[in-house]
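What follows is a single structure, written as structure tokens, with notes after it.
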Amino acid sequence: MSDFVVVARAKGFRDGARASGVSASKLSEAVRRLETQLGVRLLHRTTRSVTLTESGQRLLERLGPALIEVEASLDAVISAGRSLTGTLRLNVPVNAARLILPKILPGFLAANPGIRVEVTAENSVIDVLEAGYDAGIRYDERLEQDMIAVPVGPRTQRFATAASPDYLARHGRPRHPRDLLAHACLSSRFASGALEIWEFERRGEVVKVTPAGPLVVRAGTTIDLAVDAAIAGTGIIYLFEDWLRPHFDSGVLEPLLEQWWQDFSGPLLYYYGNRLVPAPLRALIDFINAQQE
Numbered sequence: 224m225s226d227f228v229v230v231a232r233a234k235g236f237r238d239g240a241r242a243s244g245v246s247a248s249k250l251s252e253a254v255r256r257l258e259t260q261l262g263v264r265l266l267h268r269t270t271r272s273v274t275l276t277e278s279g280q281r282l283l284e285r286l287g288p289a290l291i292e293v294e295a296s297l298d299a300v301i302s303a304g305r306s307l308t309g310t311l312r313l314n315v316p317v318n319a320a321r322l323i324l325p326k327i328l329p330g331f332l333a334a335n336p337g338i339r340v341e342v343t344a345e346n347s348v349i350d351v352l353e354a355g356y357d358a359g360i361r362y363d364e365r366l367e368q369d370m371i372a373v374p375v376g377p378r379t380q381r382f383a384t385a386a387s388p389d390y391l392a393r394h395g396r397p398r399h400p401r402d403l404l405a406h407a408c409l410s411s412r413f414a415s416g417a418l419e420i421w422e423f424e425r426r427g428e429v430v431k432v433t434p435a436g437p438l439v440v441r442a443g444t445t446i447d448l449a450v451d452a453a454i455a456g457t458g459i460i461y462l463f464e465d466w467l468r469p470h471f472d473s474g475v476l477e478p479l480l481e482q483w484w485q486d487f488s489g490p491l492l493y494y495y496g497n498r499l500v501p502a503p504l505r506a507l508i509d510f511i512n513a514q515q516e
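For the sequence shown, our numbering begins at 224 and goes up steadily by one.
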């Protein structure tokens, strides 16, 4: 149909070819196929001229404005896909919302005022694409195989154990991870119902402890309650070192078993690689990569 409009406006196949960059023979074949599909003649062809039939004139009058509208709509979609505007939806674990995103999003949003970011923080493993998210943050062992992953935040992290000076004064200081079995521990339960296992490592020796104590919180969502309880002297907590670091610095919590703290790989921003990357997500990826250079 667009080839017919080109020929009709140029009043010839050769002039239409020069205007569109499509060969005259391809234009002629396209118009012939259109006439066959419609069952009417659209152009009168002679060796010296090409003129519209009555049917061709009616079609041009209605089709021309419609094609202009289609082209404008396509241009708008392409422009929106390339411009740094729109909404970026992220699904992240609670610890990433607390420890990672505050170091990234304020600068990113300041540099990209046309982008809005919506963040959902949860520890459940979901299909981000099916749930309507553009990307997520997870750790390597929880990623699906067809994901593209970009390092975000620290390259390594550690889990730390800590207690308040008051608790240690009353109950003593554990010297080995197995000593935790005799202490009040503030543990976490995953959405699956399983209790979190505390894992330690030193010089190749790995020790896993299933803690017991007076308080169990939901992993991720109610961790602040466990932190407050640890500060109040209720028991020993096991949590990301970066989460507890401000409390170490203020002295309300003391690190325990530090030589046993286990390193693990840092978080990753991930997204599906089998589709076009939206402009807001591409902008975030570029921003993260620039921060790490």
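Heads up, the beta-carbon is just placed ideally off N, CA and C, and yes, glycines get one too.
Taking only three categories from DSSP, how would you classify Glu353?
Taking the sequence shown and counting its residues from 1, the one referred to as residue 353 is at position 130. Glu353: coil per DSSP, three-state reduction.
Is the distance from the Cβ of Leu467 to the Cβ of Ala383 below 8 Å?
Counting from one through the sequence shown, the residue named residue 467 turns up at place 244. Counting from one through the sequence shown, the residue named residue 383 turns up at place 160. Yes, they are a contact pair.
Check the DSSP bridge columns for Trp522 and list the partner residues they point to.
What the structure shows of the chain is the stretch from 224 to 516, and residue 522 is not part of that stretch, so it cannot be assessed.
Take the Cβ of Val429 as the centre, count every other Cβ of all protein chains shown within 10 Å, and call the residue buried at 16 or more, exposed below.
The residue labelled residue 429 in the question sits at position 206 within the sequence shown. Looking at its Cβ environment, which holds fewer than 16 other Cβ atoms inside 10 Å, Val429 is exposed.
Leaving out five residues on either side along the sequence, give the residues of the same chain with a beta carbon under 8 Å from the beta carbon of Arg381.
Taking the sequence shown and counting its residues from 1, one reaches residue 381 at position 158. Within the same chain, Arg381 has close Cβ partners Phe463, Glu464, Trp484, Gln485, Asp486 and Phe487.
Where the beta strand (DSSP E) through Phe382 begins and ends:
On the sequence shown, residue 382 is found 159 positions in, with the first residue counted as 1. From DSSP, the beta strand (DSSP E) with Phe382 extends over Thr379 to Ala386.
Find out if the Cβ-Cβ distance for the pair Val340, Gly443 is shorter than 8 Å.
Translated into the one-based positions of the sequence shown, residue 340 becomes position 117. Translated into the one-based positions of the sequence shown, residue 443 becomes position 220. Against a cut-off of 8 Å, the Cβ pair of Gly443 and Val340 comes out as no contact.
Pull up the distance between the alpha-carbon of Ser473 and that of Ala385, whole angstroms please.
Here residue 473 is taken as the residue at index 250 of the sequence shown, counted from 1. Here residue 385 is taken as the residue at index 162 of the sequence shown, counted from 1. Computed Cα separation, rounded: 13 Å.
Note the first and the last residue of the continuous alpha helix (DSSP H) segment covering Ala344.
To locate residue 344, count along the sequence shown from 1; it is residue 121. Counting along the chain, Ala344 falls outside any alpha helix (DSSP H), though it belongs to the beta strand (DSSP E) covering Ile338 to Ala344.
Tell me whether the beta-carbon of Val228 lies closer than 8 Å to the beta-carbon of Phe236.
To locate residue 228, count along the sequence shown from 1; it is residue 5. To locate residue 236, count along the sequence shown from 1; it is residue 13. Contact flag unset, no.
Does the segment 430-442 come into contact with the segment 399-415, if we say contact requires no fewer than three beta-carbon pairs (one atom in each stretch) closer than 8 Å?
yes
Relative to the C-alpha of Ala319, which residue among Lys431, Gly376 and Ala334 is closest?
Residue numbering aside, residue 319 sits at position 96 when the sequence shown is read from its first letter. Answer by Cα proximity: Gly376.
CA-to-CA distance, Met224 to Leu286, given in whole angstroms:
In the sequence shown, the residue the question calls residue 286 occupies position 63. In the sequence shown, the residue the question calls residue 224 occupies position 1. Answer to the nearest angstrom: the Cα atoms are 8 Å apart.
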